[in-house]
Amino acid sequence: MTSVLDLQAVTIRRGTTTILEDLSWQVREDERWVVLGRNGAGKTTLLQVASGRMHPTRGTATLLGSRLGATDVFELRPRIGLSSAALADRIPSGETVKDVVLTAAYGVTGRWRESYEELDETRANDLLAAFGVAHLAQRYFGTLSEGERKRVQIARSLMSDPELLLLDEPAAGLDLGGREELVGALAELARDPRSPALVLVTHHVEEIPPGFTHLLLLRGGKVFAAGPIGEVLTAENLSGAFDVPLRLEHGDGRWTAHASAGAASRH
Ligand SMILES: Nc1ncnc2c1ncn2[C@@H]1O[C@H](COP(=O)(O)OP(=O)(O)OP(=O)(O)O)[C@@H](O)[C@H]1O
């Protein structure tokens, strides 16, 4: 199975700060990865590299077979879907939900004189339906609830039929019902063999959808542990990555974690 993402000894430095250090990681096309780590561990920076938006200071990043630095990133970017709060903020609030999804076919936000094929319209409608937001197609993006926005954003990131889909904290800000609906939609995406390779960044094991196959634990910009989720997601690894003694439970394809009784606070 070919790698859609291949990072070799990637280091990212900004001034005197090392954000990612000597990080090696491969994602294959049939894999569904979760990236977990405490605040500041480097998760968002990692997605910036994985989406071709940031070049390594040292090391190599190969995305969809093309090495960053030796390839046209503008050709590459439509082939990699990214959904993040920062990108959502750039969506004009006066744009209709339908256009938010449609414009992704052209890698832009804000509808501006592009003409759309009927095929694009059908695909946008199908994606909105798949994420349970087809009834909102004519609403303005700015009038949606947080949960509705997240689902529209994921539909948007799938519009260009990417080979790799990166989701940065898609459940952040959702209430319990909204989170569970999103986890259900992502579980379906994970199960569908036609789906692209998936990478989901989160802080919470409760947000890991069933069907995700691999886990990367980041700590201080380095790989703390990585591999098949059943092997890597242990109380010991999680406690080490988050610097707090944690208990971990697993049932019905889902995980929960909480601090061990009497655990000292982390530093
Ligand atoms: N341009 C920059 N210059 C200096 N430090 C930076 C820069 N960008 C990010 N950092 C630092 O790098 C570290 C990793 O940031 P990043 O946003 O990747 O972490 P994260 O794991 O996504 O965090 P969170 O869970 O809080 O979203 C943080 O300590 C951050 O302050």
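With the numbering used here as the guide, the letters of the sequence shown map in order to residues 8 to 274.
A virtual CB, placed ideally from N, CA and C, is assigned to each residue, including glycine.
Just so it is clear, the structure is predicted and the values come from calculations on it, not from any experiment.
> What residue does the beta strand (DSSP E) around residue 264 start on, and which one ends it?
Replying inline: By one-based count along the sequence shown, residue 264 stands at place 257. 261-266 is the extent of the beta strand (DSSP E) around residue 264.
>> Taking the straight line between their C-alpha atoms, what separation do you get for residue 50 and residue 164?
In response: Sequence index remark: in the sequence shown, residue 50 carries index 43 (1-based). Sequence index remark: in the sequence shown, residue 164 carries index 157 (1-based). Taking the straight line from one Cα to the other gives about 19 Å.
> Mind checking residue 207: buried by the 16 CB within 10 Å criterion, or exposed?
Replying inline: The residue given as residue 207 occupies position 200 in the sequence shown. With 16 or more Cβ atoms within 10 Å of its Cβ, residue 207 is classed as buried.
>> Could you check if residue 157 belongs to the surroundings of ligand 3, using beta carbon to heavy atom distance under 7 Å?
In response: Among the ligands in the structure shown, ligand 3 does not appear; only ligand 1 can be found there.
> Between the stretch 55-66 and the stretch 14-24, do three or more beta carbon pairs fall short of 8 Å?
Replying inline: yes
>> In the DSSP assignment, the beta strand (DSSP E) including residue 65 goes from what residue to what residue?
In response: Counting from one through the sequence shown, the residue named residue 65 turns up at place 58. It spans 65-70 - the beta strand (DSSP E) in which residue 65 sits, taken as one unbroken run.
>> With three or more C-beta pairs closer than 8 Å as the rule, is the stretch 156-172 touching the stretch 194-212?
In response: yes
> For residue 216 versus residue 90, is the C-beta distance shorter than 8 Å?
Replying inline: By 1-based counting over the sequence shown, the position of residue 216 is 209. By 1-based counting over the sequence shown, the position of residue 90 is 83. Not closer than 8 Å, so no.
> Apart from the five residues just before and just after residue 86, which ones in its own chain have a Cβ nearer than 8 Å to its Cβ?
Replying inline: Counting from 1 along the sequence shown, the entry for residue 86 is found at position 79. 71, 167, 169, 170 and 171.
> Assuming residue 198 contacts residue 218 under a Cβ cut-off of 8 Å, what Cβ separation, rounded to an integer in Å, is found between them?
Replying inline: Numbered from 1 along the sequence shown, position 191 holds the residue referred to as residue 198. Numbered from 1 along the sequence shown, position 211 holds the residue referred to as residue 218. Contact between residue 198 and residue 218 holds: their C-beta atoms lie close to 5 Å from each other, under 8 Å.
> Does ligand 1 have a heavy atom nearer than 7 Å to the CB of residue 210?
Replying inline: Locating residue 210 in the sequence shown gives position 203, where the first residue counts as 1. It does: the Cβ of residue 210 is within 7 Å (strictly closer) of some heavy atom of ligand 1.
> What residues are listed by DSSP as bridge partners for residue 224?
Replying inline: Numbered from 1 along the sequence shown, position 217 holds the residue referred to as residue 224. Answer is 43 and 232.
> Taking the C-alpha atoms as reference points, what is the distance between residue 21 and residue 53?
Replying inline: Here residue 21 refers to the residue found at position 14 when the sequence shown is read from its first residue. Here residue 53 refers to the residue found at position 46 when the sequence shown is read from its first residue. Cα-Cα distance, rounded: 14 Å.
> From this set, 239, 126, 69 and 133, which residue's C-alpha is nearest residue 31's C-alpha?
Replying inline: In the sequence shown, counting from the first residue as 1, residue 31 sits at position 24. Considering only alpha carbons, the answer is 69.
> According to DSSP, which residues form a beta bridge with residue 256?
Replying inline: As a position in the sequence shown, residue 256 is number 249, starting the count at 1. For residue 256, which the question treats as bridged, DSSP gives the partners 263.
>> At a cut-off of 7 Å, would you count residue 105 as near ligand 1, judging by its Cβ distance to the nearest heavy atom?
In response: Position 98 of the sequence shown, counted from the start, is the residue given in the question as residue 105. No, ligand 1 has no heavy atom inside 7 Å of this Cβ.
> How long is the line joining the alpha carbons of residue 83 and residue 59, rounded to whole angstroms?
Replying inline: By 1-based counting over the sequence shown, the position of residue 83 is 76. By 1-based counting over the sequence shown, the position of residue 59 is 52. C-alpha separation (whole angstroms): 8 Å.
>> Here's the rule: buried if 16 or more other CB atoms are within 10 angstroms of the residue's CB, otherwise exposed. What is residue 263?
In response: Within the sequence shown, residue 263 is the residue found at index 256, counting from 1. So residue 263 ends up on the exposed side.
> Who are residue 19's beta bridge partners in DSSP?
Replying inline: As a working mapping, residue 19 is identified with position 12 in the sequence shown. 27, per the DSSP bridge assignment.
>> Please tell me whether, using a cut-off of 7 Å, the distance from the CB of residue 244 to the nearest non-hydrogen atom of ligand 1 is below it.
In response: Taking the first residue of the sequence shown as 1, we reach residue 244 at position 237. The answer is no for residue 244.
>> At a cut-off of 7 Å, would you count residue 47 as near ligand 1, judging by its Cβ distance to the nearest heavy atom?
In response: Working through the sequence shown from its first residue, we reach residue 47 at position 40. Residue 47: yes, Cβ under 7 Å from ligand 1.
>> Rounded to the nearest angstrom, what separates residue 194 and residue 214 at their Cα positions?
In response: Working through the sequence shown from its first residue, we reach residue 194 at position 187. Working through the sequence shown from its first residue, we reach residue 214 at position 207. Cα to Cα, the separation comes out at about 10 Å.
> Any heavy atom of ligand 1 closer than 7 Å to the Cβ of residue 78?
Replying inline: In the sequence shown, the residue the question calls residue 78 occupies position 71. No, the beta carbon of residue 78 sits no closer than 7 Å to any heavy atom of ligand 1.
> CB of residue 67 to nearest heavy atom of ligand 1: below 7 Å?
Replying inline: Here the question's residue 67 lines up with position 60 in the sequence shown. No, the beta carbon of residue 67 sits no closer than 7 Å to any heavy atom of ligand 1.
> What are the partner residues of residue 6, as DSSP defines its beta bridges?
Replying inline: Outside the shown range of the chain (8 to 274) lies residue 6, about which nothing can therefore be said.
> Hey, is residue 215 close to ligand 1, as in C-beta under 7 Å from one of its heavy atoms?
Replying inline: Along the sequence shown, one-based indexing puts residue 215 at 208. Because no heavy atom of ligand 1 lies under 7 Å away, the Cβ of residue 215 does not count as near it: no.
> What is the residue span of the alpha helix (DSSP H) that residue 101 lies within?
Replying inline: As a position in the sequence shown, residue 101 is number 94, starting the count at 1. Taken as a continuous stretch (DSSP letters only), residue 101 belongs to no alpha helix (DSSP H), as it is neither H nor E.
> When the distance is taken between beta carbons, is residue 10 closer than 8 Å to residue 35?
Replying inline: The residue you call residue 35 lines up with position 28 of the sequence shown. The residue you call residue 10 lines up with position 3 of the sequence shown. Taking 8 Å as the cut-off, the beta carbon of residue 35 is found closer than this to the beta carbon of residue 10.
>> Taking only three categories from DSSP, how would you classify residue 215?
In response: Position 208 of the sequence shown, counted from the first residue, corresponds to residue 215. In the structure shown, residue 215 sits in coil (DSSP, three-state: anything other than H, G, I, E or B).
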